[in-house]
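S.K.: Residue numbers (this note's numbering): 5 to 254. C-beta atoms are modelled at their ideal positions from N, C-alpha and C, and glycine is treated no differently. As the structure is a computational prediction, the values presented were derived from the model and not from experiment. One structure, as structure tokens, below. Some questions next.
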């Protein structure tokens with residue numbers, strides 16, 4: 005992203021390229037070429053201190069204006085990057101790679117990856133431990149230069165080098181194997197009717213979100229014009245939580 009933002013002027017990135025790329029249809033695959041291009045271009049339009057969330061940020065100021073009711077806008081802090089900015093200010097890493105790793109250790113790992121693994125393993129009476137997160141090892145690796153860890157396009161460079169000759173080459177240099185669920189396709193197929201009914205009848209959604217915008221997002225997603233999976237899934241979770249907790253108390 006940094007090279008792209010230095011070469012391409014902001015007015016081209018946000019005023020022309022972003023608008024053209026946004027018109028491209030979504031793909032069924034999680035990481036199709038078009039999907040990756042759209043995430044990259046959208047991320048390049050974020051403020052510099054927020055670039056770390058370019059792959060985890062799924063809304064925009066423009067969409068928030070249309071989605072939130074006026075009362076909801078007044079009630080919440082609408083800066084999604086406020087906590088990130090605080091950690092960016094604390095980080096003393098001298099290179100981009102180590103800064104990104106530091107921020108991941110404060111956001112993505114504890115709030116997503118480790119939390120999900122812990123909840124799902126404990127739900128099955130299993131205790132999962134991560135030996136590569138031993139604090140002594142993490143502290144040592146944190147002090148190594150970033151270009152030792154990312155060599156060109158090769159990620160996990162130290163780890164892969166250490167395992168050469170121990171594991172087969174095709175395993176050492178295999179790409180990342182994600183474990184995310186195909187939620188965006190489920191919302192277009194098996195869960196579509198459930199989502200439409202839940203969101204249109206939810207008190208929490210009706211009182212805080214603009215239903216016309218919610219239904220536009222649903223329509224664009226189902227027709228594969230855009231991938232609104234993360235926003236819609238978030239709304240489904242809010243509506244389901246509110247229904248299960250507050251309806252039972254009534």
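#1: Spell out a yes or no on whether the segment 119-138 and the segment 146-155 are touching, meaning 3 or more CB-CB pairs, one atom from each, closer than 8 Å.
#2: For residue 236 and residue 246, which I take to be in contact (beta-carbon distance under 8 Å), what is that distance rounded to the nearest angstrom?
#3: How big is the Cα-Cα spacing for residue 51 and residue 84?
#4: Could you have a look at residue 183 and say whether DSSP puts it in helix, strand or coil?
#5: Locate the alpha helix (DSSP H) running through residue 119, then write down its first and last residues.
#6: Please go through the same chain and pick out, in chain order, the residues whose beta-carbon is closer than 7 Å to the beta-carbon of residue 62, but skip the five residues on each side of it.
#7: From residue 228 to residue 166, what distance separates their C-alpha atoms?
#8: The alpha helix (DSSP H) with residue 165 in it runs from where to where?
#9: For residue 102, I'd like the list of residues in its chain whose CB is within less than 6 Å of its CB, leaving aside the five on either flank, ordered along the chain.
#10: In angstroms, rounded to a whole number, what distance separates the CA positions of residue 70 and residue 232?
#11: Closest to residue 177 by CA distance: which of 184, 190, 163 and 216 is it?
#12: Output the distance between the C-alpha atoms of residue 205 and residue 24, rounded to the nearest integer angstrom.
#13: On the DSSP bridge assignment, give the partners of residue 50 in chain order.
#14: Would you kindly check if the distance between the Cβ of residue 182 and the Cβ of residue 34 is under 8 Å?
#15: In three-state DSSP terms, what is residue 213?
M.R.: Let me lay it out:
#1: A contact is defined here as three or more CB-CB pairs under 8 Å, and the segment 119-138 fails this definition with respect to the segment 146-155.
#2: Not confirmed; about 16 Å, so no contact.
#3: Residue 51 and residue 84 have their C-alpha atoms some 12 Å from each other.
#4: Reduced to three states, the DSSP call for residue 183 is coil.
#5: If you look at residue 119, you'll find it in the alpha helix (DSSP H) that goes 118-127.
#6: These residues qualify, in order along the chain: 234 and 235.
#7: Here the alpha carbons of residue 166 and residue 228 stand approximately 43 Å from one another.
#8: Counting along the chain, the alpha helix (DSSP H) containing residue 165 begins and ends at 161-167.
#9: Excluding residues within five positions, the ones whose Cβ falls inside 6 Å are 150.
#10: Looking at the two C-alpha atoms, the distance is approximately 14 Å.
#11: Taking only the C-alpha atoms, the option nearest residue 177 is 163.
#12: Cα-Cα distance, rounded: 35 Å.
#13: Paired residues: none, contrary to the question.
#14: Cβ distance < 8 Å, so residue 34 and residue 182 count as in contact.
#15: Assignment of residue 213 by DSSP, reduced to helix, strand and coil, places it in the strand class.
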